[in-house]
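The structure appears right after this line, and notes come after that.
Number of protein chains: 2
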Amino acid sequence: MSETVGFIGLGVMGRPMAKHIAAKGHRLVVHNRSRGAVEDLQRSGALPADSAADVARQSDVVITMVPDTADVEQVLLGEGGVLTTLRRDCVVIDMSSISPVATRRLAAAVADRGSAMLDAPVSGGEIGAINATLSIMVGGPAHALARVKPILECMGPPEKIIHVGEESGSGQICKICNQMAIGGALAGVSEAMAMARKTGVDPSKVREALLGGFAASRVLEVHGERLIKGNFAPGFRARLYQKDLRLATETAAAHGVAVPSAALVSQLINALVASGGGDLDYSAMGTVLFDLAGLE
Amino acid sequence: MSETVGFIGLGVMGRPMAKHIAAKGHRLVVHNRSRGAVEDLQRSGALPADSAADVARQSDVVITMVPDTADVEQVLLGEGGVLTTLRRDCVVIDMSSISPVATRRLAAAVADRGSAMLDAPVSGGEIGAINATLSIMVGGPAHALARVKPILECMGPPEKIIHVGEESGSGQICKICNQMAIGGALAGVSEAMAMARKTGVDPSKVREALLGGFAASRVLEVHGERLIKGNFAPGFRARLYQKDLRLATETAAAHGVAVPSAALVSQLINALVASGGGDLDYSAMGTVLFDLAGLE
Chain A
51 MSETVGFIGL GVMGRPMAKH IAAKGHRLVV HNRSRGAVED LQRSGALPAD SAADVARQSD
111 VVITMVPDTA DVEQVLLGEG GVLTTLRRDC VVIDMSSISP VATRRLAAAV ADRGSAMLDA
171 PVSGGEIGAI NATLSIMVGG PAHALARVKP ILECMGPPEK IIHVGEESGS GQICKICNQM
231 AIGGALAGVS EAMAMARKTG VDPSKVREAL LGGFAASRVL EVHGERLIKG NFAPGFRARL
291 YQKDLRLATE TAAAHGVAVP SAALVSQLIN ALVASGGGDL DYSAMGTVLF DLAGLE
Chain B
51 MSETVGFIGL GVMGRPMAKH IAAKGHRLVV HNRSRGAVED LQRSGALPAD SAADVARQSD
111 VVITMVPDTA DVEQVLLGEG GVLTTLRRDC VVIDMSSISP VATRRLAAAV ADRGSAMLDA
171 PVSGGEIGAI NATLSIMVGG PAHALARVKP ILECMGPPEK IIHVGEESGS GQICKICNQM
231 AIGGALAGVS EAMAMARKTG VDPSKVREAL LGGFAASRVL EVHGERLIKG NFAPGFRARL
291 YQKDLRLATE TAAAHGVAVP SAALVSQLIN ALVASGGGDL DYSAMGTVLF DLAGLE
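These protein sequence lines map, in sequence, to chains A and B. With the first letter of the first sequence counted as 1, position 25 gets the number 75 in my numbering; the numbers rise by one all the way through. With the first letter of the second sequence counted as 1, position 84 gets the number 134 in my numbering; the numbers rise by one all the way through.
Set out below in structure tokens:
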């Protein structure tokens, strides 16, 4: 018998993700702070719930997709939260991108209630959510993942659902690694584009040459083009990437890992947001070094 | 009628490159400081020359492939150098990776002698040289490139020979951009691998997850694996990459371009070389942050 899925957090990412779950025929109960998104999901066949607790009361699997660590803590542990009503032998899947350290505490609280928690942050952005092509990085017990895999496969293809480790927080660590790898690549590409512009060399020729060699990357392909065209419509907003980099540097500090490049990228994003670019695509980071768009 | 090609500098890169030119049936005259490589090329049908001047006297197209800016200056402008005997209407192709600023001065000197100079640094390393799969980034006049294209195509496929710009030095700028883009990506990947190790997450799972998403890059694919396995047999030696990053930061300073990431990567490579790793593959840079290999 199919399990009832609860979904809490119907934002830019959560709304299309929840719709895919409903579309695959799962019984879906949803909750969101603002009502508009809930009504939209009702038209896709989902049942509305008044609170996180109301979701958990009716669900076998509860998915959370909210902005930050404090939001997940509130939704799980707060008044009217998931843990006030969660039954035994359920699975909580937090698909938000939050602190791995906090995640371990939350997973312990869920385990105390006789259920399991998975951390399963995603990569691929709004487009990935809409097209159900998200990469999903999963931390937590393999038996829980095996049970919910058909639900995750509503949002991402099987080959992109990676069980990173049994340890709670492994998925969040992997997501941080992802954002750090992207950040380093973006810094390098931004400087390459700035160097080309400032020395009078055609940046699109540089991009073309570099894509044929060892510098080839998705970041060069997509963000290189954004930097050349000065097209910074999001995409993924700088202020959200700022949060991810804060998680990266905080987690590095907590574990004593040296991350000088992530620290640098974090400062460049801070500069972009501080100068009013928080709602631009995060690839606009390059404009802090050099006003690339202004030279078109 | 086929032109005579002169080749100066038969090192790790130059030797296989010159062999490919001979193998395609070009008349080839070679010179190198040490004799062993010259004798090796003679067995491939090349004619030996006693000096750079002796090469230039017999050649229509002169290729230089030497370690650094000062070496190219010496080979072209020094005593017994190319410019002492270079005829009119020849083409000098410098395939070394050197300063774009110095390149412009050298090109002007070649032009004063009634010949043209192209800067055509390569990417792809020893393997690319051996397999004739180099990326070649060309700066300088299009007519000169059109004339020597069949010679360049002995060393790299046509689609990887990019005419970056008419301006002398454009190829060198592009090569610098290439090394900066790689450096940023490598820093990000190094920190991701260090974060995974230090937090007890399997770095190979992280690499696998990241390769499926937006963080995908050749650097993650190849150097990510090197960092996981602790395999730093070169490849491309750290001390040569150190030189490339010095060119990047010096060129940035000369043109007033901000390159904080390249400056950081440059310092990490300095630390690797200073701690005795100059002959390791440059991907060992990650070990400065965290002794990845030691945890195997």
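By construction, the Cβ of each residue, glycine as well, lies at the ideal position given by its N, Cα and C atoms.
- Neighbourhood of residue 268 of chain A in chain B, by CB distance below 9 Å: 263, 264, 265, 266 and 267, in chain order.
- Among the residues of the segment 130–143 of chain B, none has a Cβ less than 7 Å away from any Cβ of chain A.
- With contacts defined by Cβ atoms closer than 9 Å, residue 249 of chain B and residue 223 of chain A form a contacting pair.
- By the C-beta criterion, the segment 264–277 of chain A is judged to be in contact with the segment 232–244 of chain A, since at least 3 inter-stretch pairs fall below 8 Å.
- Residue 104 of chain B carries a helical assignment under DSSP once its states are collapsed to helix, strand and coil.
- Judged by DSSP secondary structure, residue 194 of chain B falls within the alpha helix (DSSP H) whose first and last residues are 192–202.
- When 7 Å is used as the limit between beta carbons, residue 145 of chain B is near no residue of chain A, the shortest such separation being about 14 Å.
- Buried is the label assigned to residue 104 of chain A, since at least 16 other Cβ atoms lie within 10 Å of its Cβ.
- Judged by beta-carbon spacing, residue 335 of chain B lies within the 9 Å limit of residue 240 of chain B, meaning their Cβ atoms are closer than that value.
- The straight-line gap separating the alpha-carbon atoms of residue 59 of chain A and residue 284 of chain B is approximately 49 Å.
- In terms of CA proximity to residue 54 of chain A, A:106 leads the group A:106, A:274 and A:263.
- Relative to the Cα of residue 118 of chain B, the nearest Cα in the group B:317, B:320 and B:291 belongs to B:291.
- Listed by position along chain B, the residues whose Cβ is nearer than 8 Å to that of residue 115 of chain A form an empty set, because the closest Cβ is around 18 Å away.
- Cβ neighbours of residue 165 of chain B within its own chain (closer than 7 Å, five residues either side excluded): 136, 138, 139, 140, 141 and 142.
- The shortest CA-to-CA distance from residue 101 of chain B to any of B:178, B:131 and B:281 is the one to B:131.
- Interface criterion met: the Cβ of residue 217 of chain B is under 9 Å from a Cβ in chain A.
- Residue environment for residue 231 of chain B: buried (at least 16 other C-beta atoms within 10 angstroms of its C-beta).
- Listed along chain B, no residue sits closer than 8 Å to residue 294 of chain A by beta-carbon distance, the nearest being about 12 Å off.
- Taking 9 Å as the CB threshold, residue 193 of chain A stays off the interface with chain B.
- Chain-ordered listing is empty here: chain A has no CB closer than 9 Å to the CB of residue 279 of chain B, the nearest sitting near 17 Å.
- Close to chain B, meaning a Cβ-Cβ distance shorter than 9 Å, are the following residues of the segment 226–248 of chain A: 226, 227, 228, 229, 230, 231, 232, 233, 234, 235, 236, 237, 238, 239, 240, 241, 242, 243, 244, 245, 246, 247 and 248.
- Excluding the 5 residues flanking it on each side, residue 273 of chain B has same chain C-beta neighbours closer than 7 Å at 236, 239 and 333, in chain order.
- Taking a 10 Å sphere around the C-beta of residue 255 of chain B, we find 16 or more other C-beta atoms and assign the residue as buried.
- Close to chain A, meaning a Cβ-Cβ distance shorter than 9 Å, is no residue of the segment 76–98 of chain B at all.
- Taking a C-beta distance under 9 Å as the contact criterion, residue 311 of chain A and residue 225 of chain A do not qualify as a contact pair.
- Within the same chain, 151 come within 6 Å of residue 304 of chain A by CB-CB distance, once the 5 residues on both sides are set aside.
- Annotation: residue 329 of chain B is outside any alpha helix (DSSP H) and is labelled neither H nor E by DSSP.
- Close CB contacts of residue 75 of chain B within its chain, under the 6 Å cut and outside five residues either way in sequence, are absent.
- Going by C-alpha positions, residue 155 of chain B is about 10 Å away from residue 161 of chain B.
- With distances taken between CA atoms, residue 175 of chain A lies nearest to A:228 out of A:133, A:197, A:228 and A:125.
- When Cβ-Cβ separations below 9 Å define contact, residue 209 of chain B makes contact with chain A.
- Taking a cut-off of 8 Å on C-beta distances, the segment 320–330 of chain A does not touch the segment 62–71 of chain B, as fewer than three cross pairs fall below it.
- Taking 8 Å as the upper bound for CB-CB distance, residue 316 of chain B and residue 296 of chain B are in contact here, some 7 Å apart.
- With its beta carbon less than 9 Å from one in chain B, residue 252 of chain A belongs to the interface.
- For residue 77 of chain A, the secondary structure class from DSSP, reduced to helix, strand or coil, is strand.
- Taking the beta carbon of residue 330 of chain A as reference, no residue of chain B falls within 8 Å; the closest one sits roughly 17 Å away.
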